[in-house]
Amino acid sequence: MEKINSLTGMLDLISSKSEKSELANKIFLTEKYLKNIFQNYGMSEIRTPALEDTNLFKRSVGDASDIVNKELYSFNDKNDKNIVLRPEGTAGVIRAIIQKKIDLEAHKFWYMGPMWRYERPQKGRYRQFYQAGVEILGHHEGLPEFEMISLVCSINQYLQIEKPLVKINHLGDNKIKELYCEDLVKYLSPLKSKLDEKDQNRLKKNPLRILDSKSETTQNILKDAPKINNYISNSSKALLDEIIKTFSSECSIQIDSSLVRGLDYYTGFVFEAVSDDLGAQNAYLGGGRYDNLCSQLGGKNLPAIGMAIGLERLSTLVNAEEASNKLLSFIILSEKINPKAYKIAHDLRLLNENVKIDIQLSEGSLKSKLRRASKDNADYALILGDQELESETVIVKSLKESNSEQKSMTIDELNGFIPTIS
Ligand code: HAM
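Per our numbering: the sequence shown = residues 6 to 427.
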């Protein structure tokens, strides 16, 4: 029969007991850390549907962006409504608060979940990928910018990311953005024939995006182009300087005037964190201020700032390790006694929530079960056969100390031993 495989660019994340460096293990660990950090910053969780009305992203991320133009997973449902697998989380969050009529209030939200973009898959770029995001709603420019960069630094520190670089920029308000775009187009138009096809298209549809073009020729041409920092206000410049002054002792942070971000909704402060260890797709998180999105989607005038972290990318950079909860492999040697053995394991699990007690369900000899326990990286094997059950004892074997003797413990002794494991 023909094999059925996963779709191109979509990963199965299967955790492994023995291979801690497995991407799935790293992603699950990263998620745990991030949830703690978000809670540490007083944020509340929000979960919105994976499927949304396609117009939501046309009106927010923008018709001219690559995400909407080329990468949407959109299709008609059985009722002929055009729907889409969300390519990002921000638009859904704003839609949800408008729908719930809480778009006049201040909120600090976090979320995590899969996103879909029909991109050409390569290292660090998938068609289904996971994002953790944060949106701070209801506050004008100022303190939330500091909160965002503080959060980025905390993520780098807690997860022990090596050599992260945080890039920040300011795009000004809508008027400044427009004026700057006009001047950029005026400068680039006579040089259009020298740009590659992609950048020529951007000149018409989304000129700002030319600034982060991957083409070397374009980058050379841009050296003499007008710079956004000559357009933004003094207070915007002061904000960038103040942020650098505050956080440069925490992580490496610099102004990058070519940082524009790929989504249309940004105004004002924008940022990205990159690492050279990631290769071509080097941004592991990005975000910025988007004060007009809520009103653009039919809601109130709600100032907002946010960011999203690409979990596949961030996870590969993580050096922090799982809190090492000890693993006890519970080996039952006779089928006949299973119910009683299960009850013993059940009672033991209640004694210490910080140890993992894994009952080996497969059949096999003691030797093969001990081999399995070692492969799973277990710290102890608890062995229970007919004889042990008869005498109300369990054999405890340490698997980490070489040449360690196995001990027979009474259930009472074991009840005393389990809570001492840490
Ligand atoms: P974004 O820059 O499009 O921003 O995505 C954020 C992060 O998601 C990227 O830095 C990258 O790490 C990851 N990412 C994006 N596309 C892929 C892909 N195809 N495969 C793997 N990882 C990917 C946003 O999505 C905005 N919603 C962020 C935001 C929130 N702005 C304000 N609030």
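C-beta atoms are modelled at their ideal positions from N, C-alpha and C, and glycine is treated no differently.
Is it the case that the CB of Leu283 approaches a heavy atom of ligand 1 more closely than 6 angstroms? For the purposes of this step, residue 283 is taken as the residue at position 278 of the sequence shown. No, the beta carbon of Leu283 sits no closer than 6 angstroms to any heavy atom of ligand 1.
Worksheet item: According to the neighbour-count rule (16 or more other Cβ atoms, all chains shown, within 10 Å of its Cβ), is Phe80 buried or exposed?
Response: Counting from one through the sequence shown, the residue named residue 80 turns up at place 75. Its Cβ having fewer than 16 others within 10 Å, Phe80 is exposed.
Practice item. Specify the secondary structure class of Met153 as computed by DSSP and reduced to three states. Key: As a first step, residue 153 must be located in the sequence shown, where it is residue number 148. Of the three classes helix, strand and coil, the one that applies to Met153 here is helix, per DSSP.
Do three or more CB pairs link the region 162–177 to the region 217–230 at distances below 8 angstroms?
-> no
Q. Which of the three DSSP states, helix, strand or coil, is assigned to Gln165?
A. Position 160 of the sequence shown holds residue 165. Residue state, collapsed to three classes: coil.
Note to self: Checking the sheet assignment: what are the DSSP bridge partners for Lys402?
What the structure shows: As a position in the sequence shown, residue 402 is number 397, starting the count at 1. DSSP, once it has assigned bridges, lists Ala386 as partnering Lys402.
Below 6 angstroms CB to CB, which residues in the same chain sit around Leu39 once its five sequence neighbours on both sides are set aside? Mapped onto the sequence shown, residue 39 falls at position 34. Same-chain partners within the cutoff: Ala137.
For the structure I just gave you, are there three or more beta carbon pairs, one from the region 335–348 and one from the region 296–303, closer than 8 angstroms? no
Taking the alpha carbon of Asn41 as the reference point, which residue from Leu156, Gly390, Glu187 and Asn420 has its own alpha carbon closest?
Within the sequence shown, the letter at position 36 stands for residue 41. Selected option, being the one with the closest Cα: Leu156.
Could you give the distance in angstroms between the alpha-carbon of Asn382 and the alpha-carbon of Arg376?
Within the sequence shown, the letter at position 377 stands for residue 382. Within the sequence shown, the letter at position 371 stands for residue 376. Approximately 10 angstroms, taken between the alpha carbons.
For this session: In the DSSP assignment, find the unbroken alpha helix (DSSP H) run with Leu34 in it and report its ends.
Result: Walking along the sequence shown from the start, residue 34 turns up at place 29. Leu34 -> alpha helix (DSSP H) spans Leu28 to Asn45.
Smallest Cα separation from Glu255: which of Ile160, Tyr347, Tyr236 and Ala309?
-> Looking up residue 255 in the sequence shown gives position 250. Of the candidates Ile160, Tyr347, Tyr236 and Ala309, the one whose C-alpha sits nearest the C-alpha of Glu255 is Ile160.
Grouping DSSP H, G and I as helix and E and B as strand, with all else coil, what is Pro344?
-> The count along the sequence shown starts at 1 and reaches residue 344 at position 339. In the structure shown, Pro344 sits in a helix (DSSP, three-state: H, G or I).
* Residues of its chain near Val190, where Cβ-Cβ distance is below 8 angstroms and the 5 sequence neighbours each way are ignored -> Along the sequence shown, read from residue 1 onward, the residue named residue 190 stands at position 185. Closer than 8 angstroms at Cβ, skipping near neighbours: Leu208 and Pro212.
Within the continuous beta strand (DSSP E) that includes Ile173, where are the two ends?
Here residue 173 is taken as the residue at index 168 of the sequence shown, counted from 1. Leu170 to His175 is the extent of the beta strand (DSSP E) around Ile173.
Can you list, in chain order, the residues of its chain with a C-beta nearer than 7 angstroms to that of Phe43? Leave out the 5 residues immediately preceding and following it.
The residue given as residue 43 occupies position 38 in the sequence shown. Within the same chain, Phe43 has close Cβ partners Trp115 and Val139.
Review point. Based on Cα-Cα distance, which residue from Leu90, Asp217 and Tyr192 lies nearest to Lys4?
Key: Given a span of 6 to 427 for the chain in the structure shown, any question on residue 4 remains unanswerable.
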